[in-house]
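Chemist: Please find one structure pasted underneath; my questions will follow.
2 protein chains.
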Amino acid sequence: MSEVIAKKGYHHGDLREQLLTATRVLVEAKGPDGFSVSEACRAAGVSTAAPYKHFSDRTDMLRAVTLQGFREMTAAIAGAAEGRTPGTIETIAAMGTAYIAFAEAHPETFKMMFAFKGSTTEMEEAGMACYATVLGQVAIWAGREGVDDVVLGLGFPLWTFVHGLSFLRIDGKAKPPKFTEEVADVVLDATGRLLAGTGAKDA
Amino acid sequence: MSEVIAKKGYHHGDLREQLLTATRVLVEAKGPDGFSVSEACRAAGVSTAAPYKHFSDRTDMLRAVTLQGFREMTAAIAGAAEGRTPGTIETIAAMGTAYIAFAEAHPETFKMMFAFKGSTTEMEEAGMACYATVLGQVAIWAGREGVDDVVLGLGFPLWTFVHGLSFLRIDGKAKPPKFTEEVADVVLDATGRLLAGTGAKDA
DNA sequence: CTAACTAAGTTAGAGACACAAACATATACG
DNA sequence: CGTATATGTTTGTGTCTCTAACTTAGTTAG
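From first to last, the protein sequence lines stand for chains Y and P.
So for the first sequence, the working numbering puts the first residue at 260; every next one is plus one.
So for the second sequence, the working numbering puts the first residue at 260; every next one is plus one.
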């Protein structure tokens, strides 16, 4: 009755999932190190030993949140490109803005995604898939067949810029007077500058 | 005798300083959340209650490391500009490279510096001082009297880029095939692009 | 249908930690 | 010389992760 989340009896039925969402919420609220397994258990209404039937340890719970984060971010970025003209500066910039928006919406998860020690193959792949989405658009812009060294040379600085702005926004460093413009405008401008005059488009 | 660090008797004489360096070492070795007060005590050869005569709590110990980090980074960046022609792209890029070098040399401290919750006025000032050093050079480049909106508009993207590259390097994302060039070259190129053609130099 | 197996919970407890309170000692200053 | 204060120690409390042993509920074989 007064449980935070319904339980079906002795067997919970859906504990893994509910622990995962509890973990997600707690991580965003208190950060990965502020998160405690015990608190997640309280939220799900189970004993403190229950999670160990579903996760190997505390880190494993965080790992699951991290992986989920990568998947969501990739989807968000791909979604930002949909309905736009492929290979334009505007489309590439829109993906960058989506990246930053995700970071701002889930700051603790975002930071954890990149700082995570002992990342799984799954995580690496999810990260690569995300990056590949952007690189594909850059390749079109540059008139290249696939993702070659030229495309990497163009795409990496873009990622760097967007990644940096994500962190500065998260940590509250991108506020007036340092930062008075809209994020989307800054990203669009920087994308143009970092791509322009490279000669790649003519090769 | 077998103490890690010499003690002068019942009174340590220099405990605050030694705890601080122990904290620094441990933070770099295991990250801010892996760091434990107890372990710092073991390193300094004192009881686990001793630190509380010098620091209010665990967080306060981390805060001290953070502040020290800001000071060192500012010095490193200012040092990179010395002996160079003021207001050139090369000088500005050299400061960016020094920023990244600091981040790579002290990754955990660097991350903590920006993620720290409840930063002191001292910390804010140290951070501002650092940023101001770079902005001063940008102002000279742009032919401006002081740090006005134009200078901020030029300087912020530079910071963003350099900050982003710092994180990517720390987290091992800036390795081949994503990243094949030297850091200094990439920074110099990006600095040029992000400043060039803004018209600010002519104003 | 029931007996055995297994999946998914429980309680109890070990070991590490942050921090507090009360106590001890050395140093500084009257 | 002696007392106050700074700086240590010991002891204890509550929280945390994780383990071991036990319990209960589904699931499957005969």
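Note that the Cβ used here is the ideal one computed from N, Cα and C, for glycine as well.
What does GLY377 of chain P reach in chain Y if we use C-beta pairs closer than 7 Å?
Modeler: Under the 7 Å cutoff, chain Y gives no residues; its nearest Cβ is about 12 Å from GLY377 of chain P.
Chemist: Taking only beta carbons into account, state which residues of the region 361-372 of chain P come closer than 8 Å to chain Y, listed in chain order.
Modeler: Per Cβ criterion, the list reads LYS370.
Chemist: Quick one: any contact between the region 388-403 of chain P and the region 416-426 of chain P, if contact means 3 or more CB pairs under 8 Å?
Modeler: Touching, per the Cβ criterion.
Chemist: Relative to the alpha-carbon of LEU274 of chain P, which residue among P:VAL284, P:PHE294, P:GLY304, P:GLY423 has its alpha-carbon at the smallest distance?
Modeler: Among P:VAL284, P:PHE294, P:GLY304, P:GLY423, the Cα nearest to that of LEU274 of chain P belongs to P:GLY304.
Chemist: For GLU440 of chain Y and LEU453 of chain Y, what's the separation of their Cα atoms in angstroms?
Modeler: Whole-angstrom Cα-Cα distance: 18 Å.
Chemist: Got a sec: is the Cβ-Cβ distance from THR318 of chain Y to anything in chain P below 9 Å?
Modeler: THR318 of chain Y does not count as touching chain P.
Chemist: How many Å lie between ARG301 of chain P and PRO291 of chain Y at the Cα?
Modeler: Approximately 26 Å between the Cα atoms of the pair.
Chemist: Any C-beta of chain Y sitting closer than 9 Å to the C-beta of TRP400 of chain P?
Modeler: Taking Cβ atoms only, chain Y never reaches closer than 9 Å to TRP400 of chain P, which makes this a no.
Chemist: Which residues in the same chain as MET354 of chain P place their Cβ atom closer than 6 Å to its Cβ, once the five residues preceding and following it in sequence are excluded?
Modeler: Result list for MET354 of chain P: ILE336, ALA339, ALA340, VAL393, in chain order.
Chemist: Quick one: using the 10 Å Cβ neighbour count with 16 as the cut-off for buried, is GLU381 of chain P buried or exposed?
Modeler: Answer is exposed; the Cβ neighbour count stays below 16.
Chemist: Would you call the region 400-409 of chain Y and the region 352-366 of chain P in contact, with 3 or more CB pairs under 8 Å?
Modeler: Because the criterion of three Cβ pairs below 8 Å is not met, the region 400-409 of chain Y and the region 352-366 of chain P do not touch.
Chemist: When burial is assigned at 16 or more other CB atoms within 10 Å of the CB, is THR450 of chain Y buried or exposed?
Modeler: Looking at its Cβ environment, which holds 16 or more other Cβ atoms inside 10 Å, THR450 of chain Y is buried.
Chemist: If contact means a Cβ-Cβ distance below 7 Å, which residues of the region 281-294 of chain Y contact chain P?
Modeler: Answer in chain order: ASP292.
Chemist: If you compare alpha carbons, which of Y:VAL421, Y:ALA281, Y:SER295, Y:GLN277 is closest to ALA362 of chain Y?
Modeler: It is Y:VAL421 whose Cα lies nearest to the Cα of ALA362 of chain Y.
Chemist: Am I right that PHE369 of chain Y and SER425 of chain Y are in contact with their C-beta atoms under 8 Å? What's the rounded C-beta distance?
Modeler: With a Cβ gap of about 7 Å, PHE369 of chain Y and SER425 of chain Y count as contacting.
Chemist: So what's ASP319 of chain Y in DSSP terms, helix, strand or just coil?
Modeler: Helix.
Chemist: For the alpha helix (DSSP H) holding TYR358 of chain P, just list the boundary residues, first then last.
Modeler: From DSSP, the alpha helix (DSSP H) with TYR358 of chain P extends over 348-364.
Chemist: Are the C-beta atoms of GLU440 of chain P and some chain Y residue less than 9 Å apart?
Modeler: By this cut-off, GLU440 of chain P is an interface position.
Chemist: Just to make sure I have the definition right: I need the residues of chain Y whose C-beta is within less than 7 Å of the C-beta of LEU411 of chain P. Which are they?
Modeler: What LEU411 of chain P touches in chain Y: PRO436, LYS437.
Chemist: Just to confirm the assignment, what range does the alpha helix (DSSP H) spanning GLU381 of chain Y have?
Modeler: It spans 380-401 - the alpha helix (DSSP H) in which GLU381 of chain Y sits, taken as one unbroken run.
Chemist: Compare the C-beta of GLY423 of chain Y with all C-beta atoms of chain P and state if any pair is closer than 9 Å.
Modeler: GLY423 of chain Y counts as touching chain P.
Chemist: If distances are taken between C-alpha atoms only, which option among P:ASP430, P:PHE438, P:MET371, P:VAL410 comes closest to VAL324 of chain P?
Modeler: Of the listed residues, the one whose Cα sits closest to VAL324 of chain P is P:MET371.
Chemist: Is it right to say THR347 of chain P is buried, meaning 16 or more other beta carbons lie within 10 angstroms of its own, or is it exposed?
Modeler: THR347 of chain P should be labelled exposed.
Chemist: State the start and end residues of the unbroken alpha helix (DSSP H) segment that holds PRO291 of chain P.
Modeler: Run containing PRO291 of chain P: 274-293, per the alpha helix (DSSP H) assignment.
Chemist: Please report the distance separating the alpha-carbon of GLY386 of chain Y from that of GLN327 of chain Y.
Modeler: Roughly 11 Å between the two C-alpha positions.
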